[in-house]
Amino acid sequence: MPEVLEEVKSDDTKQNVCYEFTDTLTCTDSVSFEKYTYIDGIFPEKRKIFTQAYDKNIFDLVSRMNTGDIILPPDYEQNYTWDNKKASLLIESILLNVPIPPVYVSEDEDKYKDEDENEKWNVIDGLQRLYSLERFFSNKFKLSGMEVFTDLNGRYYKDLENRYKKSIDYGLIRVILIFKESHPDVKYDVFMRLNTGSLKLHPQELRNRLYRGRLNKLIKELRNNKQWMDILGLKDEHKRMADAELVLRYLAISESIDRNTFELRDYPGSMKSFFNIYMNARRNPEDDDLAQIKNKFTSTIDKVSSVFGTEAFRKINVEGIYDRALNRSIMDAVMICFEVHDKTLLVKHRDEIVKLLKTLIHNDKYFYDSITIGTSNKKKIEYRIKEFCTKLNEVLIP
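Residue numbers (UniProt numbering): 1 to 398.
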């Protein structure tokens, strides 16, 4: 039976969410989180993680990697940091029967594509160890720096005597499997806590590993939209996937906002949780839905680019000069409100729309607060979208 680990608690009370914009992207809006008694809106009865521990022999683990039943992240080779000596010491530890730290995997949401297919696991923690083993079994490096089995230095796996091969093949590593029934946000939190490698993964990089599927693939495609990249000031994909997270942000809000009341439905209290739940629930849309999502994004960003150009999503001062830094909260309002209007009409009223944004920023204290302080607060999200959409309608439909 799956084991239920004790609830995970979070003590983060304040966080500046500009951290992911570390290269050419910068942002001006920050968020403060209230101290919840539950993780980002997860009630205690749902704050559980279901796990099962297995002792797996190494030959089986490597075989599962080779058949794709253990799914390595798409960027695993570039994130592999161990040199051959460190990988060799792992092999020596196995020969010495020294306990190896456990590997954490999560049950793939789409683990069965047909009745005969084995269950699939996504690697959460232990990538360096697993890939080192796969490399050694594939004869990609010679052993080196062995301190006890010095006679094995300079040998590939294929060169080892059978007794050594068997010791390695049947060496055991504990695997902790996190079942898909665990709350997606708790799985994400566990991933964050286990993310202790030399290159810390940022939030969207983690989602890219946890929530594989057609939606994730589309988000990575949309981030390369030329008009989108020009607005973000990027020549290439953002190294830490901040551009992809902005695409996700728009899609999640667009699908959840009520167009009549401007209520943001199913919002758990933080953007992080909101994005996790959205991606987990919509991993594999149907073809028609995917096409609709793609068309909605590309047409909306085309409208935005036609009105604001590369200065879109920035604050504008009283002299009409735009900030260099992108403001995601302004992006929320502009993208959501432009989505439903005709491009020709928007372009016709370009000057009035720019004036409208400037007026809201400088004359509406609540709007200004909603795009600068505590911007992930539900009421502030709803306020900035409602105010901009309402005023935009007055400009376009007098």
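No residue lacks a Cβ here, since even glycine has one placed at the ideal position from N, Cα and C.
- Residue ranges of uninterrupted alpha helix (DSSP H) with 4 or more members, entirely inside the segment 329-362 and ordered along the chain, are 343-348.
- Relative to the Cα of Lys-166, the nearest Cα in the group Ile-91, His-202 and Asp-189 belongs to Ile-91.
- Ile-178 is positioned such that its CB atom lies closer than 7 Å to that of Ser-106.
- In the structure shown, Val-62 falls within a helical segment according to DSSP collapsed to helix, strand and coil.
- In the DSSP annotation of this structure, the continuous segment of the alpha helix (DSSP H) that includes Lys-226 starts and ends at 226-232.
- According to the DSSP assignment, Asp-125 belongs to the beta strand (DSSP E) that extends over 121-125.
- About 13 Å separates the beta carbons of Leu-251 and Asp-243, which is beyond the 8 Å limit, so they are not a contact pair.
- In this chain, the beta strand (DSSP E) harbouring Tyr-104 covers 103-107.
- According to DSSP, residue pairing for Tyr-131 in a beta bridge does not occur.
- A direct Cα-Cα distance of roughly 34 Å separates Lys-158 from Gln-52.
- By the neighbour-count definition (other C-beta atoms within 10 Å, threshold 16), Pro-101 is an exposed residue.
- Apart from sequence neighbours up to five positions away, the residues of its chain that approach Glu-382 with a beta-carbon distance below 7 Å are Phe-262, Glu-263 and Leu-264, ordered along the chain.
- Contact between Arg-135 and Ala-87 holds, since their C-beta atoms are separated by about 7 Å, short of 8 Å.
- Inclusion of Met-241 and Gln-204 in the CB contact set at 7 Å is warranted, their separation being smaller than that value.
- Burial check for Gly-126: the Cβ neighbour count within 10 Å reaches 16 or more, so the residue is buried.
- Between the segment 365-377 and the segment 314-333 there are three or more C-beta pairs closer than 8 Å, enough to call the two in contact.
- The beta carbon of Lys-358 sits closer than 6 Å to the beta carbons of Ile-316 from its chain, once the five residues preceding and following it are set aside; these are given in chain order.
- Taking each of Asn-260, Ile-253 and Asn-284 in turn and checking the Cα distance to Met-271, the smallest one comes out for Ile-253.
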